[in-house]
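Asks: With this note's numbering applied, the sequence shown covers 1 to 195.
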Amino acid sequence: MQALQHIKILLASASPRRKELIAGLGLPYEIVKINVDEIFDSKLQAQEIPLYLAALKANAVDVSTLSNNEVVITADTVVWVNNQVLNKPIDKADALRMLQLLNGNTHQVFTAVSMRTRTKSINFYDATTVHFNTLTIAELEHYLDTYQPYDKAGAYGIQEWIGYTAIQKIEGDFFNVMGLPISLVYKHLKLIFEV
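Structure follows, in structure tokens:
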């Protein structure tokens, strides 16, 4: 841990969950803003989508301006169910549609991360399988009305009420479902800075 204290993470994300997870590392960090249209080729499948989008976001940052101890981190998360991608819902009806697809079903959450320094680049992803219990429409609507998860892939936050009540089990990293596989981020920080 001490070996990484000299680095500074530039988290290019508006996600409060990613900020919380990066802060949990106890390393210096700063939030940076980027403006990217998150459009991808419809032929991309599963993990290919967030890998593409995380790299697209990272490429929006001019790494030539970075100090030697700075690293840009970008990420993207998608939910994959029945061979289709669920991104962030556009409204309540879309969110309900997504939750109905997940309800009583198994899906995968893919989060891809792109890390860039002045001279190095690493891209990786993690996959978590999530088993959803069946909730009633009234319960799904209660969740949407109370938590308004419109900034979350698949229209849910595992750390919220629906995670307590609808998640039967997960196979993989809990934090990956939140939006950042933080143990892999830490591992790759050590690799990129060779500590």
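Positions of the beta carbon are idealized from the N, C-alpha and C atoms, including for glycine.
Quick caveat, the model's predicted, so the values are computed rather than measured.
For residue 196, which residues does DSSP report across the bridge?
Replies: The displayed coordinates of the chain run from 1 to 195. Any statement about residue 196 would go beyond what the structure contains.
Asks: What's the C-alpha gap between residue 58 and residue 193?
Replies: So the two alpha carbons sit approximately 18 Å from each other.
Asks: Among 186, 66, 145, which has the Cα closest to the Cα of residue 116?
Replies: The option with the nearest alpha carbon to residue 116 is 66.
Asks: Would you kindly report the start and end of the unbroken beta strand (DSSP E) that includes residue 171?
Replies: Counting along the chain, the beta strand (DSSP E) containing residue 171 begins and ends at 167–171.
Asks: Quick check: the Cα distance between residue 123 and residue 5, rounded to an integer number of angstroms?
Replies: Cα to Cα, the separation comes out at about 22 Å.
Asks: Can you tell me where the alpha helix (DSSP H) holding residue 150 begins and where it ends?
Replies: From DSSP, residue 150 is part of no alpha helix (DSSP H); its letter is neither H nor E.
Asks: Just verifying my parser: in three-state terms, what is the DSSP assignment at residue 122?
Replies: In this structure, residue 122 counts as strand in the three-state DSSP scheme.
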